[in-house]
Amino acid sequence: MCLLGCSETTFKEASSRIIEGSCWPCRKRRVKCDLGRPACSRCMGSGQQCVYGSQPVRWVGGSSLRGRRAATASYGHQHSPELSHVGNTNADLVSGPSFDHSPTRSLIKTPKRELTLSPSPSTPALDDAGLAGYFQNAVLPRFQLSDDQLSADLTKLLSNPTFQRAISAVSRAHYSLLSKEDPQSTALVRSRTRHAAIASFRQSLQEGACSRKTVQELFSINVLLGILDGMIEPTNDPDAARFHLNGGFAMLKRWTKTAANMLTDGGLNGHLISVFATMDLVHALLSGDKPFFESNIWPMFAGVTAWFGRLKHDDRFLILLKAHAEMAALGNIIKTHLPDEDGVILVQRCLSPIESMLQPPACSPPPSLDVHLTEWAHFCSLYEIAGIIYYHRALRMRPVDDGDVQIGVRAGVAKVVGGVLPGMLAHCTILPMLVIGAHCIYPQDRRAISLALDPTVSYLSFGNLPVMLDFLKVTWDRGMMRATWWDMFKDVAERIFLF
């Protein structure tokens, strides 16, 4: 009647169901695994991801709420001397849109989950088997404003070895930054993973594409490589990000229906084409190059699972993206063909429709989802302000210290210090923060922008953000009051993507 002996026997009998080398889902459920590769029959039947090897990373809380996502407390009132007057400056913006922002209707459902901490430096190393799960649970949510599930599409694509290598390269690079691994100790592994992904992609391109599915997979892989080299881990090669952008353009020119097909398919395809179109737009705005996509593509994202969520056709954010695209096209004309006052005079004839789009609407359409109107209005207003600064700096060729430019900057800083956006809304304002921050001329405003970026840099753990911070510091030190818009941003326009 030895209780210890009895419990030991019971334990052995219970554990005998677990076969040596079982996959982790079967171990967790304490069922017999047939050890099938790449996935056992139980996992295939239940639709679970079958993972062998070392124990996979455990995720806590919601799949799209990782790390220190919650924005920090408000930064107080670190206004510069004139900041208190920003609210009265609308009338001063005589020749452009005003900053009177009425509440806008959002179609993004604000997450209501518990927030969790990012992996600490003590987080165990991520093995090859856990890279796909890491991408699904940690990387992909950082490119989503909403909680739309894309796991089913991802599972199908992982059957493509080239796609899987690209996922591995992106995941390994991001995990190294997020977990604060010693970059030197993992540099060789990351480099090999990246080069393996690129080599596999090139081989797939050489083999050609004979179906719509293959073309879309190749384009999606190119987008992932652009995310890797232009956002997560910019390389020492300043042309790497631009290389993937041009590669995407070449693919879309060769297979002309790809973008339309991906928009129609939605899901992960729609999401990745929205990321690529935004890369193109941001690059065009900052560099002065002509955007590849016409402005009318943005209304086509209505109802698509884009990185900014499923929006209605009349959503404020889609209107703003279209306005930015039209301004980028005009900016290219000014920079390339009319870089003088005559060009400005000619372009003035095209600005009225853009001014109308940058103006906050008098009334908003009724929301179709449970959303926070004021938070979405706040989010959109930052993009409005960034657009207005571009309007004056690039299209009207005003200097940094121009009165209208600084009215926009002060309004932007007031928005930043006046309230903190929740969740991913706070982390998807990189482009507005870059534009507003680069034009700050007061030390207090610069400090407010730096403080506001801290939580985003910590949570996203993207390598392009330290590059952006270094750019802002250099720009502030130089005091580039007379630099053109494109001279100001040329150092970051070619190397990284920011949005």
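Here the sequence shown is numbered in UniProt numbering, starting from 1 and rising by one per residue.
Backbone N, C-alpha and C define an ideal beta-carbon position, used for all residues, glycine too.
Owing to the predicted nature of the structure, the values given are computational and were not obtained by experimental measurement.
Listed in chain order, the non-local C-beta contacts of Gly267 below 7 Å within the same chain comprise Leu150, Asp153 and Thr305, local neighbours out to five positions each way being set aside.
Looking at the DSSP output, Gly226 sits in no beta bridge, so it has no partner there. Residue pairing by DSSP places Gly309 opposite Ala306 in a beta bridge. Cα atoms of Ala414 and Val400: separation of roughly 18 Å, rounded to the nearest angstrom. Sequence-distant partners of His174 (beyond 5 residues in either direction) whose C-beta falls short of 6 Å from its own C-beta, in its chain, are Val139 and Ile232. The beta carbon of Arg478 sits closer than 8 Å to no other beta carbon from its chain once the five residues preceding and following it are set aside. Restricting attention to alpha helix (DSSP H) runs no shorter than 4 residues, the stretch 214 to 288 encloses them at 240 to 254, 258 to 265 and 267 to 287, ordered along the chain.
Secondary structure at Thr162: helix, using DSSP grouped into helix, strand and coil. For Arg172, the closest C-alpha among the options Ser191, Ala411 and Leu158 is that of Ser191.
Apart from the 5 residues on each side of it in sequence, Ala438 sits with its Cβ closer than 8 Å to the Cβ of Phe471, Leu472, Thr475, Met488 and Phe489 in its chain, given in chain order. Counted as a single uninterrupted DSSP element, the alpha helix (DSSP H) harbouring Leu472 occupies residues Asn464 to Arg478. Remark: C-beta atoms of Val170 and Phe135 approach each other more closely than 8 Å. Ranked by Cα distance from Glu294, the options Ala284, Ala302 and Gly303 are led by Ala284. Distances from the alpha-carbon of Met251 to those of Asn296, Gly208, Pro299 and Leu351 put Gly208 closest. Each of Phe462, Gly403 and Trp486 was checked against the Cα of Val435, and the nearest Cα belongs to Trp486.
Looking only at Met433, Ala132 and Cys33, the smallest Cα-Cα distance to Ala411 is reached by Met433. Rounded to whole angstroms, the gap between the alpha carbons of Pro455 and Lys32 is 45 Å.
The closest CA to that of Leu425, considering only Thr374, Glu494 and Ser200, is found on Thr374. Taking Ala260 as reference, the option from Thr162, Ser159, Ile273 and Ser168 with the minimal CA-CA separation is Ile273. The DSSP-derived three-state label of Leu434 is helix.
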